[in-house]
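**Student:** Chains as they are written, first to last, in the numbering used here: chain A, 1 to 499; chain B, 1 to 320.
Spelled out as structure tokens, the structure:
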């Protein structure tokens, strides 16, 4: 038995991850962070105290046994680490890269109280990437049942839900409107943060589980949610279509040529490969001087993609200060390193016209922080008379998204006042058998939160279908004791076996 | 559930620039309604182009698209899409179906690329019991198509050509004047075509305050409300054509804004097109048989090279 670790006995410094040099990487679409080597991972795993209260597990939206997998890394049992990770998270390579760990597991890490937190995300990514390299797939023993489950949307929520339902033995079909599966992971998050090969590897794993992917299928219009239940034989449906209806600023000049949403810019570049125009047919707008409005992760992606497309000057304009910026700290840092110019406390007032319908610049006003608003962040207030103009020929709005209206237009699902799908705490919607989760329920959030929602919905779907598995505690007598008017105990019949 | 591999089961060439493709997609044929559109990808490297559904046949399980070869993708499709080949992708039906109202007397106006998509609407109105007057505009008689199809489902047909080689000589708006003069009780006008034409139609009915619906066709990427590229000004609101439309009140649509936004990628698209036609010409020099194998006649090729000088596709549409 090894000696008990203390905060003084562990390596004090967090193990750095090798990165491409900022000047080089700002010109290519290769991954910025190169990942941990075996030695890096082993060293970093030393830093975990294996503390008894395990705050990191509760900090993780999907509840990964974090000390467990770190322990396996420490024992150099990487396969073992992968097994533990995939118990709860089927997409470790993706999550290790895109989760905002500093607000989740790493934010509550005990080591983090006195030193830099254990680099949980980097370790997770190391294990996931090793598995892809080695071709490891954990296909659990699946006992097929008679249930057919439909998943609408192949983004993170849909993928997580599909994985759990397939593991439970259901016949799972995932529908995607685009021509490739992956949702926001494919069209939104650029290659230098999350390479397409990683996404495809994780999707292929799902296919090995028996999950079917149907692309070019716009659910709601090609067939409705109700048709899936009533005519197509689906016993349960999960809706995880995301919230990608981009918000525009509604300031003068919004419709000028050269103003576009981050969604459009990123989709053209990432999914449609506009960056390889004319080898690919989709044109990519490229500005000499680009202004990105907003400071979330999408905004950071837009700035950094612009640099890589060859823009000379890239500004990021945000009405609050750096502290309030919703992007991961690492993303802001990376963007800054690569040469993005940040203008904090600056709000756009108008987009300026060159007289021919094109953007020539933007008029902004300086802001200062006032009293805290509903979100708890200090409200930015314009400083009188501080307006100024600057030159730009491409303006990208990355100021958030609204609910996509297609589900509301085509189904009887009840929506909340903002247009998102209404779901209870079990993620059941107003239509029996239909569950929803991710951005279409909560509004724009993170990849891992969407995955967490997909898994929670899967748990509810299993309960609804009466599938019991080890991970599912007996649900019943929860106050009302009924589910859609039927006694829950009655619906939790023994697992159905197919002869 | 029947899944589709987007096989092309029929093709018809109406003229050197206009062609019809019938794509097998039984599920979509069942779901499609007048006024909806699809997004098509020709190949893996292709762009996503929105095309209005010109017709759908539930029995055959097909979707009909009528396409004008005006840009790189539509010209490449004209060369490559033969019966038996497949599209890489086709998703739809997208957009809110046109409301086939209870109007008693309706004018359906189709100009240029709008002639085909106005057909399901005209048929829809007829089936709903309306008196349907169709006004179709073409540049000359060689470009006329589907005259018989419209005659079969409309009570009146006014054919306009710019040079008078078929029907009456004049613009679509002249046709509208004739219709308005002949009928004082028109409840609704539906117009599909190039923006300039739809703008002219909306202007022609504004004074008489006749409800005029238009189907806008801005640049789109996904067609599912995600990119915002297709935003149009309707009255004092900004709408996304793909999920809030594509049909809007013609008297409220800001057509100048629409046309300006349509020209966003004209320059790069022209470059891509030139590069592509250059590579086609090279193929021709290397081995003309390659093109013959694709089934292109000599006449077709000659006409195509003339077309390279075509300016903005919307400029030479009737009514403009």
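Even glycine gets a Cβ: it sits at the ideal position worked out from N, Cα and C. Because the structure is a prediction, the values reported are computed rather than measured.
DSSP has residue 316 (chain A) in a bridge; who is on the other side?
**Tutor:** Bridge partners of residue 316 (chain A): A:292 and A:342.
**Student:** Where residue 281 (chain A) and residue 133 (chain B) are concerned, what is the direct C-alpha to C-alpha distance, given to the nearest angstrom?
**Tutor:** Approximately 40 Å, taken between the alpha carbons.
**Student:** Check distances from the C-beta atoms of the segment 80-95 of chain B to those of chain A and list, in chain order, the residues that come in under 9 Å.
**Tutor:** The segment 80-95 of chain B vs chain A, Cβ under 9 Å: 88, 89, 90, 91, 92, 93, 94 and 95.
**Student:** Just tell me which of B:19, B:186, B:239 and B:25 has its CA closest to the CA of residue 90 (chain B).
**Tutor:** Among B:19, B:186, B:239 and B:25, the Cα nearest to that of residue 90 (chain B) belongs to B:25.
**Student:** Strictly below 7 Å CB to CB, what residues from chain B border residue 218 (chain A)?
**Tutor:** By Cβ distance, chain B contributes 91, 92, 94 and 224.
**Student:** Could you name the residues of the segment 74-98 of chain A whose beta carbon sits closer than 8 Å to any beta carbon of chain B, in the order they occur along the chain?
**Tutor:** Per Cβ criterion, the list is empty.
**Student:** Tell me, please, whether the CB atom of residue 240 (chain A) is closer than 7 Å to any CB atom in chain B?
**Tutor:** Cβ-Cβ to chain B under 7 Å: no for residue 240 (chain A).
**Student:** Three or more C-beta pairs closer than 8 Å, one from the segment 231-247 of chain A and one from the segment 146-154 of chain A: is that the case here?
**Tutor:** Counting Cβ pairs under 8 Å, three or more are found: they touch.
**Student:** Return helix, strand or coil for residue 134 (chain A), following the three-state DSSP convention.
**Tutor:** Three-state DSSP puts residue 134 (chain A) in a helix.
**Student:** If you count every other CB in all the chains shown that lies within 10 Å of the CB of residue 106 (chain B), and 16 or more means buried, which is it?
**Tutor:** When all chains shown are included, residue 106 (chain B) counts as buried.
**Student:** What in chain A is Cβ-close to residue 124 (chain B), meaning under 7 Å?
**Tutor:** Under the 7 Å cutoff, chain A gives no residues; its nearest Cβ is about 17 Å from residue 124 (chain B).
**Student:** Roughly how many angstroms lie between the CA atoms of residue 403 (chain A) and residue 421 (chain A), to the nearest whole one?
**Tutor:** Rounded to the nearest angstrom, the two C-alpha atoms are 8 Å apart.
**Student:** For residue 27 (chain B), go through chain A and note every residue whose CB falls closer than 8 Å to its CB, in chain order.
**Tutor:** Within chain A, the residues near residue 27 (chain B) are 222 and 223.
**Student:** Is residue 63 (chain B) buried or exposed, if buried means 16 or more other CB atoms sit within 10 Å of its CB?
**Tutor:** By the neighbour-count rule (16 or more Cβ atoms within 10 Å), residue 63 (chain B) is buried.
**Student:** Is residue 265 (chain B) closer than 7 Å to residue 278 (chain A) when the C-beta atoms are compared?
**Tutor:** Going by C-beta atoms, residue 278 (chain A) is not nearer than 7 Å to residue 265 (chain B).
**Student:** Around the C-beta of residue 24 (chain A), are 16 or more other C-beta atoms found within 10 angstroms, so that it is buried, or is it exposed?
**Tutor:** When all chains shown are included, residue 24 (chain A) counts as exposed.
**Student:** Going by CA-CA distance only, name the one from A:328, A:141 and A:309 that's closest to residue 87 (chain A).
**Tutor:** Nearest of A:328, A:141 and A:309 to residue 87 (chain A), Cα basis: A:141.
**Student:** To the nearest angstrom, how far is it from the Cα of residue 294 (chain B) to the Cα of residue 241 (chain A)?
**Tutor:** Per-residue confidence for residue 294 (chain B) stands at a pLDDT of 44, beneath the threshold of 50, marking its modelled position as unreliable; the derived number appears in the next sentence. C-alpha separation (whole angstroms): 41 Å.
**Student:** By how many angstroms is the C-alpha of residue 450 (chain A) removed from the C-alpha of residue 431 (chain A)?
**Tutor:** For residue 431 (chain A) and residue 450 (chain A), the distance between alpha carbons rounds to 21 Å.
**Student:** List the whole-angstrom C-beta distance separating residue 94 (chain B) from residue 223 (chain B), where the pair is believed to meet the contact cut-off of C-beta under 8 Å.
**Tutor:** With 8 Å as the limit, residue 94 (chain B) and residue 223 (chain B) qualify as a contact, their Cβ atoms being about 5 Å apart.
**Student:** Since residue 69 (chain A) sits in a beta bridge, which residues does DSSP pair it with?
**Tutor:** Looking at the DSSP assignment, residue 69 (chain A) forms no beta bridge with any residue, so it has no partner.
**Student:** Tell me whether residue 38 (chain A) is buried or exposed, calling it buried when 16 or more other Cβ atoms sit within 10 Å of its Cβ.
**Tutor:** Classification of residue 38 (chain A): exposed, given that the 10 Å Cβ count is below 16.
**Student:** Considering only the alpha carbon of each residue, which of A:275, A:197 and A:106 lies closest to residue 534 (chain A)?
**Tutor:** Outside the modelled stretch of chain A, which goes from 1 to 499, sits residue 534 (chain A), for which no answer is possible.
**Student:** Which ranges does the beta strand (DSSP E) cover as unbroken runs of at least 3 residues, wholly within the segment 81-146 of chain B, from first to last along the chain?
**Tutor:** If we require 3 residues or more, the beta strand (DSSP E) runs fully inside the segment 81-146 of chain B come out as 89-94, 105-111 and 131-138.
**Student:** With respect to the beta strand (DSSP E) encompassing residue 19 (chain B), which residues constitute its N-terminal and C-terminal limits?
**Tutor:** Its beta strand (DSSP E) spans residues 18-24.
**Student:** Closer than 7 Å between beta carbons: that is the criterion. Which residues of the segment 240-261 of chain B meet it against chain A?
**Tutor:** Those residues of the segment 240-261 of chain B that come within reach of chain A (Cβ to Cβ, closer than 7 Å) are 243, 257, 260 and 261.
**Student:** Run through DSSP, which three-state label would residue 288 (chain B) get?
**Tutor:** Note that residue 288 (chain B) scores 44 on pLDDT, short of 50, meaning its location in the model is unreliable and no value can be drawn from it.
**Student:** Taking 8 Å as the threshold, find out whether the segment 80-94 of chain A comes into contact with the segment 124-142 of chain A through three or more Cβ pairs.
**Tutor:** The segment 80-94 of chain A, when compared against the segment 124-142 of chain A, does touch it at the 8 Å Cβ threshold.
**Student:** Cβ of residue 175 (chain A) less than 7 Å from any chain B Cβ?
**Tutor:** No, its Cβ sits nowhere closer than 7 Å to a Cβ of chain B.
**Student:** So with CB distances below 8 Å, who are the chain B contacts of residue 501 (chain A)?
**Tutor:** Lying outside 1 to 499, the shown extent of chain A, residue 501 (chain A) is not represented and no answer is given.
**Student:** How about the segment 7-26 of chain A and the segment 105-124 of chain A: do they share at least three Cβ pairs that are nearer than 8 Å?
**Tutor:** Contact between the segment 7-26 of chain A and the segment 105-124 of chain A is present, because at least three Cβ pairs lie under 8 Å.
**Student:** At a CB distance below 9 Å, what residues from the segment 51-74 of chain B approach chain A? Give them in sequence order.
**Tutor:** Hits within the stretch, in order: 72 and 73.
**Student:** Using a Cβ-Cβ distance cut-off of 7 Å, determine whether residue 346 (chain A) contacts chain B.
**Tutor:** Not closer than 7 Å to any Cβ of chain B, the Cβ of residue 346 (chain A) fails to qualify, so no.
**Student:** Just checking my contact of residue 55 (chain A) with residue 110 (chain A) at CB under 8 Å: how many whole Å lie between their CB atoms?
**Tutor:** Confirmed, about 6 Å.
**Student:** Within 7 Å of any Cβ in chain B, is that where the Cβ of residue 261 (chain A) sits?
**Tutor:** Taking Cβ atoms only, chain B reaches closer than 7 Å to residue 261 (chain A), which makes this a yes.
**Student:** The alpha helix (DSSP H) that contains residue 307 (chain A), what's its start and end?
**Tutor:** Residue 307 (chain A) -> alpha helix (DSSP H) spans 297-309.
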